[in-house]
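Taking the working numbering, the leading residue of the sequence shown gets 98, the next gets one more, and so forth. We treat Cβ as the ideally placed atom computed from N, Cα and C, and that holds for glycine. Before any comments, here is the structure.
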Amino acid sequence: MTVNGAGVTASVEPRTHLADFLRESMLLTGTHLGCEHGVCGACTVLIDGAPARACIAFAAACDGVFVTTIEGLEDDPVMARLRAAFTAEHALQCGYCTPGMLVTARDIVLRLPDADEARVRLELAGNLCRCTGYVGIVRAILRVLAEAPAPDVVAPQPLPRATFALPVAEPVVPVLPGGEVLAQRLRIAAPLAAVWAAVQNPALIAECVPGARLTLQDGPNIAGDLALALGPMKARFAGRAEVTFGPGHLAQVRGEGRDALSGTRLTADATVALQADRDATVMELQVRYSLRGPLAQFARSAVVAAFAAEIAETVGKNLAARLTGTAPPVARRMGLGRLVLSVVRRWLFSLLS
């Protein structure tokens, strides 16, 4: 047979199925084994250009055919677009079904360029996922279908090598529709005039945010990075934003950031409103954000709310300390233990009240 464009000759037991041959003899472990009954689709490969279940196809029966595994599609231009879309739409979590999903998704894009959501879901019926709920997967496929007309299906043959370049830089974009909304309320022990002056000083605010660093300030445009840690999960979002100030002690920040390690992208639009409260200042913060990429699986509302509340409390204390001249209780990284204690404390407070 021909596997990923290379001729292969082997002697196998009649009972050996194709998936075991690919994994054990050829070490092509991108083909996953799940049910081994042809039901889950994790072992999907291309046989003579068409999707097939490698766990119920005997290797000996594949004499003379073209077999393409997920590894053989590494440089395929359609697969490159699908990988980018799967990342952008958070179409994977544990990743076990992903190779088979991608092979099936490529077939959909090539064979059904006019498919709508209902047809995409029908075509995916043979690929099971226990994590995502399929929404992100469907969105990813529809995204690729909408990008450009798919090329005609060609006869199976050794795949040509191709390159796929991503843009180096993009302008600041608005938050995607349907983003999450987060609201925080802080009481800062400092007069309104002092807090308003501080809000208009991004460098000062950055010094009060755990893990934040300002690298550029040019009028309303700022750039920097933010280091976050949740137990063993660590990320550093580098990004830029535009800050505008309005009457009535209102400020708006719109920006985006990206974690280079995971490729997770964050876009956010935040509004800050200040008002005096006797000898203190109340800060109302509302953020609409969208998180796309592998780390989005940790963006559950309860976790984000607790994380944000803990950071906001720390920022408020640091800012008040800076404005009053006392030593700030700086926390340069948010730890998992501290976050868990915060969640438990807030849960108990809610329960008792």
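Worksheet item: Which first and last residues belong to the beta strand (DSSP E) in which T166 is found?
Response: Within the sequence shown, residue 166 is the residue found at index 69, counting from 1. It is not in any beta strand (DSSP E) - T166 carries neither H nor E in the DSSP assignment.
Discussion item. Taking the alpha carbon of V164 as the reference point, which residue from L119, T195, L179 and I234 has its own alpha carbon closest?
Written reply: The sequence position of residue 164 within the sequence shown is 67, counting from 1. Here the closest residue by C-alpha is L119.
Discussion item. Any contact between the segment 300 to 320 and the segment 355 to 366? By contact I mean 3 or more CB pairs, one from each, below 8 Å.
Written reply: The answer is no - the segment 355 to 366 does not touch the segment 300 to 320, with fewer than three Cβ pairs under 8 Å.
Worksheet entry | 7 Å CB neighbourhood of E381 in its chain, flanking five on each side removed | On the sequence shown, position 284 is the one that residue 381 refers to. For E381, same chain residues with a beta-carbon under 7 Å away, outside a window of 5 residues either side, are R282 and A370 in chain order.
Worksheet entry | Span of the alpha helix (DSSP H), counted from its first residue to its last, around D145 | The sequence position of residue 145 within the sequence shown is 48, counting from 1. Unbroken run through D145: none, as it is neither H nor E.
Worksheet item: Under 8 Å, do A237 and E171 count as touching if we go by C-beta distance?
Response: Within the sequence shown, the letter at position 140 stands for residue 237. Within the sequence shown, the letter at position 74 stands for residue 171. Not a contact, by the Cβ cut-off of 8 Å.
Worksheet item: So what's E214 in DSSP terms, helix, strand or just coil?
Response: In the sequence shown, the residue the question calls residue 214 occupies position 117. In the three-state reduction of the DSSP assignment, E214 falls in the helix class, which pools H, G and I.
Worksheet entry | For L209, three-class secondary structure by DSSP | Working through the sequence shown from its first residue, we reach residue 209 at position 112. Note: L209 maps to coil in three-state DSSP.
Fill in: Which of helix, strand or coil DSSP assigns to E407
Stepping through the sequence shown from its first residue, residue 407 is reached at position 310. Of the three classes helix, strand and coil, the one that applies to E407 here is helix, per DSSP.
Worksheet item: What is the DSSP secondary structure of E133, reduced to helix, strand or coil?
Response: What you label residue 133 is simply residue 36 of the sequence shown in a count that begins at 1. E133: coil per DSSP, three-state reduction.
Worksheet item: Ordered along the chain, which non-local residues of its own chain (more than five positions away) have a Cβ less than 7 Å from that of M176?
Response: For the purposes of this step, residue 176 is taken as residue 79 along the sequence shown, with counting starting at 1. Cβ contact annotation for M176 (same chain, cutoff 7 Å, sequence separation greater than five): L170, L199 and R203, in chain order.
Worksheet item: If you pair each beta-carbon of the segment 136 to 144 with each one of the segment 219 to 226, do three or more pairs fall below 8 Å?
Response: Cβ pair count under 8 Å is three or more, so yes.
Worksheet entry | E277 versus R385, E353 and E339, residue with shortest Cα-Cα distance | By one-based count along the sequence shown, residue 277 stands at place 180. Taking the Cα of E277 as reference, the smallest distance to any Cα among R385, E353 and E339 is reached at R385.
Practice prompt. Determine the direct distance from the alpha carbon of L388 to that of L416, and round the result to whole angstroms.
Written response: As a first step, residue 416 must be located in the sequence shown, where it is residue number 319. As a first step, residue 388 must be located in the sequence shown, where it is residue number 291. Going from the Cα of L416 to the Cα of L388 covers about 27 Å.
Discussion item. If distances are taken between C-alpha atoms only, which option among T229, S450, T378 and G336 comes closest to T184?
Written reply: Taking the sequence shown and counting its residues from 1, one reaches residue 184 at position 87. Taking T184 as reference, the option from T229, S450, T378 and G336 with the minimal CA-CA separation is T229.
Discussion item. For E304 and L392, what's the separation of their Cα atoms in angstroms?
Written reply: Here residue 304 is taken as the residue at index 207 of the sequence shown, counted from 1. Here residue 392 is taken as the residue at index 295 of the sequence shown, counted from 1. Separation of E304 and L392 (C-alpha to C-alpha, rounded to the nearest whole angstrom) is 25 Å.
Worksheet entry | From A215, D211 and G233, residue whose alpha carbon lies closest to that of E244 | Residue numbering aside, residue 244 sits at position 147 when the sequence shown is read from its first letter. It is D211.
Fill in: Member of A151, A147 and K414 whose CA lies at the smallest distance from the CA of T113
Sequence index remark: in the sequence shown, residue 113 carries index 16 (1-based). The shortest Cα separation from T113 among A151, A147 and K414 belongs to A151.
Worksheet item: What are the complete beta strand (DSSP E) segments, minimum 3 residues, inside the segment 275 to 331?
Response: Runs found: 277 to 285, 309 to 315 and 318 to 327.
Worksheet item: Using a Cβ-Cβ cut-off of 8 Å (strictly less than) and excluding sequence neighbours within five positions of G161, which residues of its own chain qualify?
Response: Translated into the one-based positions of the sequence shown, residue 161 becomes position 64. So the list reads M98, once near-sequence residues are dropped.
Worksheet item: When you compare only the Cα positions, how much space is there between V109 and V142?
Response: In the sequence shown, the residue the question calls residue 109 occupies position 12. In the sequence shown, the residue the question calls residue 142 occupies position 45. Distance between the alpha carbons of V109 and V142 is about 19 Å.
Practice prompt. Tell me whether the beta-carbon of G336 lies closer than 8 Å to the beta-carbon of R355.
Written response: Position 239 of the sequence shown holds residue 336. Position 258 of the sequence shown holds residue 355. Yes, Cβ-Cβ distance for G336 and R355 is below 8 Å.
Discussion item. Looking at P317: is its Cβ nearer than 8 Å to the Cβ of V340?
Written reply: Within the sequence shown, the letter at position 220 stands for residue 317. Within the sequence shown, the letter at position 243 stands for residue 340. P317 places its beta carbon less than 8 Å from that of V340.
Worksheet entry | Per-residue burial, T411 [other beta carbons within 10 Å of its own, 16 or more giving buried] | Here residue 411 refers to the residue found at position 314 when the sequence shown is read from its first residue. Under this definition T411 is a buried residue.
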